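First comes the structure, then the notes that go with it.
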Amino acid sequence: MEWKTVNASGRKRVIVTKTLPGGRWLEILRDADCRVEICRSDAALSPDEIRSAIGSRCDGAIGQLTEPWGETLFAALKAAGGRVFSNYAVGFNNVDLAAATRYRIPVGNTPGVLTETTAEMAVALTFAAARRVGEAERFLRAGKFTGWLPTLFLGQRLWRKTIGIIGAGRIGEAYARMMAEGFKMNILYYDLRPNPDLEASIQDLGRFLESRGEAPVTCRRTEGLEDLLSQSDCVSIHTVLDASTHHLINAARLSMMKENALLINTSRGPVIDEAALVAHCRKHPDFRAGLDVFEDEPALKPGLCDLENVVIVPHIASATGWTREGMAVLAAANVGAILRGDPVWGQTDITPFLGKALPHAAPSIVNARDLGLPMVQGQRGRSDSMGTLYP
Ligand code: DGY
Numbered sequence: 040m041e042w043k044t045v046n047a048s049g050r051k052r053v054i055v056t057k058t059l060p061g062g063r064w065l066e067i068l069r070d071a072d073c074r075v076e077i078c079r080s081d082a083a084l085s086p087d088e089i090r091s092a093i094g095s096r097c098d099g100a101i102g103q104l105t106e107p108w109g110e111t112l113f114a115a116l117k118a119a120g121g122r123v124f125s126n127y128a129v130g131f132n133n134v135d136l137a138a139a140t141r142y143r144i145p146v147g148n149t150p151g152v153l154t155e156t157t158a159e160m161a162v163a164l165t166f167a168a169a170r171r172v173g174e175a176e177r178f179l180r181a182g183k184f185t186g187w188l189p190t191l192f193l194g195q196r197l198w199r200k201t202i203g204i205i206g207a208g209r210i211g212e213a214y215a216r217m218m219a220e221g222f223k224m225n226i227l228y229y230d231l232r233p234n235p236d237l238e239a240s241i242q243d244l245g246r247f248l249e250s251r252g253e254a255p256v257t258c259r260r261t262e263g264l265e266d267l268l269s270q271s272d273c274v275s276i277h278t279v280l281d282a283s284t285h286h287l288i289n290a291a292r293l294s295m296m297k298e299n300a301l302l303i304n305t306s307r308g309p310v311i312d313e314a315a316l317v318a319h320c321r322k323h324p325d326f327r328a329g330l331d332v333f334e335d336e337p338a339l340k341p342g343l344c345d346l347e348n349v350v351i352v353p354h355i356a357s358a359t360g361w362t363r364e365g366m367a368v369l370a371a372a373n374v375g376a377i378l379r380g381d382p383v384w385g386q387t388d389i390t391p392f393l394g395k396a397l398p399h400a401a402p403s404i405v406n407a408r409d410l411g412l413p414m415v416q417g418q419r420g421r422s423d424s425m426g427t428l429y430p
């Protein structure tokens with residue numbers, strides 16, 4: 040593996056397992072007196088490769104969602120004098136938090152810069168699936184378009200229909216609001232915790248519509264998942280992946296959905312039993328799915344690629360320049376701040392980190408409380424990017 044070193048004279052050694060976009064993140068690490076070693080390969084690194092990169096001295100690391108940061112790597116990092124790890128992602132299902140906490144290593148993530156970007160991709164997949172964009176484009180590119188027809192690629196109209204949100208954290212809430220504000224869709228959501236901000240904003244929108252003589256939109260938290268699945272025209276998944284949500288959408292739950300429903304997933308692949316989805320889509324050609332994430336990523340379950348009623352993109356929901364550069368800034372700020380001994384930000388709004396003057400704090404450390412790290416300010420409102428469904 041080829042590695043590139045930046046600021047070779049820095050006294051703290053930080054490894055970064057992929058090239059990250061933008062330049063601000065490197066300035067942050069340079070200002071924190073870090074020598075930064077960046078892996079230039081696009082291939083996912085194995086634990087052995089990462090362990091050898093950690094070597095005998097490493098103060099901190101920035102890793103990817105494609106790497107299993109568990110017991111082995113945290114033990115290696117600790118033994119090398121490591122004091123911090125940041126995931127270059129908001130999700131951290133690839134990180135064994137208990138192991139990191141046992142080794143007293145703070146684990147950072149990058150919330151707040153992916154919210155609308157990821158929600159926008161969920162909207163894009165929703166309409167691509169509803170209006171058969173993938174199929175129609177393949178048809179056109181194959182030279183099969185011989186002229187306008189009254190029956191060519193009839194899709195689904197979503198205007199004023201019902202959206203079901205599984206996991207109403209910040210991303211699920213942003214998507215729900217886009218669908219209600221843009222397409223006047225009613226919202227059902229399923230989450231362990233109520234989301235009063237979401238409910239209030241949809242209620243305000245409903246009142247506004249009524250004041251103009253239009254029908255209102257509504258928002259309701261469902262008691263059970265079954266209730267949401269059976270009533271929604273489109274179900275969008277925005278939950279964390281953990282043991283309780285693995286294969287949450289399985290054959291039984293798919294069969295509770297409307298035969299012509301849409302299923303959108305921009306969270307994590309294993310929340311859906313992908314083989315069951317392939318079988319369901321084969322059996323129900325009017326059912327449609329829009330997927331950004333896959334169970335065995337980057338591999339797809341057999342048959343998925345052949346389905347015309349599925350739209351698939353390669354885990355790019357957060358892929359805008361602004362977001363990916365913002366993620367790099369947050370990951371670097373997490374590492375730099377902990378190495379300097381700064382407290383944890385502890386607030387939902389991380390925008391101050393995107394300005395010129397960086398706050399003296401680590402923007403987001405997920406095991407901060409367990410490690411008893413000092414906080415700058417208390418949290419307010421929902422801080423979880425992906426919703427939690429079970430205790
Ligand atoms: C994340 O940050 O968890 C996203 O999946 C990256 O796209």
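Note that our numbering numbers the sequence shown so that position 369 is 408, with each residue one more than the last.
Where a beta carbon is used, it is the ideal one built from N, C-alpha and C, also for glycine.
Only a predicted model underlies this, so the values are computations on that prediction, with no experimental measurement involved.
Shown in chain order are the residues whose CB sits closer than 5 Å to a heavy atom of the ligand DGY: A128, V129, G130 and S357. The beta-carbon separation of G426 and D230, rounded to 4 Å, stays under the 8 Å limit for a contact. Taking a 10 Å sphere around the C-beta of C73, we find 16 or more other C-beta atoms and assign the residue as buried.
In terms of Cβ geometry, L369 and F392 form a close pair [threshold 9 Å]. Residue state for I355 is assigned as coil, using DSSP reduced to three classes. Under the criterion of beta carbons closer than 8 Å, M160 and T305 qualify as touching, at roughly 6 Å. D423 sits in coil when the DSSP states are folded into three classes, being neither helix nor strand.
Contact between the region 242 to 256 and the region 267 to 286 is absent, with fewer than three C-beta pairs closer than 8 Å. Secondary structure at I389: coil, using DSSP grouped into helix, strand and coil. The straight-line gap separating the alpha-carbon atoms of I202 and A367 is approximately 32 Å. Spatial neighbours of S357 in its own chain (CB-CB distance under 6 Å, excluding positions within 5 residues in sequence) are listed in chain order as L153, T156 and T157.
Taking A372 as the centre and dropping the five residues before and after it, the same chain places the C-beta of I67, F392, L397, A401 and P402 closer than 7 Å to its C-beta, in chain order. Pairing I101 with G151, the inter-Cα distance amounts to about 18 Å.
Inclusion of F124 and V352 in the CB contact set at 9 Å is not warranted, their separation being larger than that value. Restricted to the region 249 to 325, the alpha helix (DSSP H) segments that are unbroken, complete and at least 4 residues in length are 264 to 270, 290 to 293 and 313 to 322, listed in chain order.
One thing to note: R321 has its Cβ within 9 Å of the Cβ of G342. For R379, the enclosing alpha helix (DSSP H) starts and ends at G360 to R379. Secondary structure note for L343: it is in no beta strand (DSSP E), with a DSSP letter that is neither H nor E.
In this chain, F113 is not harboured by any beta strand (DSSP E); it is covered by the alpha helix (DSSP H) spanning E110 to A118. Excluding five sequence positions before and after E238, the CB atoms of its chain that fall closer than 7 Å to its own CB belong to C258, given in chain order. Under the 10 Å beta carbon count, L179 is surrounded by fewer than 16 other beta carbons and is classified as exposed.
Within the same chain, Cβ atoms closer than 6 Å to the Cβ of L264 are found at Y229, the five residues on either side in sequence being excluded. Shortest Cα-Cα distance from D266 to any of A119, Q242, L293 and I241 involves L293. From the listed residues V129, G194 and I77, the smallest Cα separation to N348 is found for G194. Taking the Cα of T149 as reference, the smallest distance to any Cα among A175, P430 and Q386 is reached at Q386. Between the alpha carbons of R260 and R90 lies a distance of about 45 Å. The straight-line gap separating the alpha-carbon atoms of W187 and D345 is approximately 26 Å.
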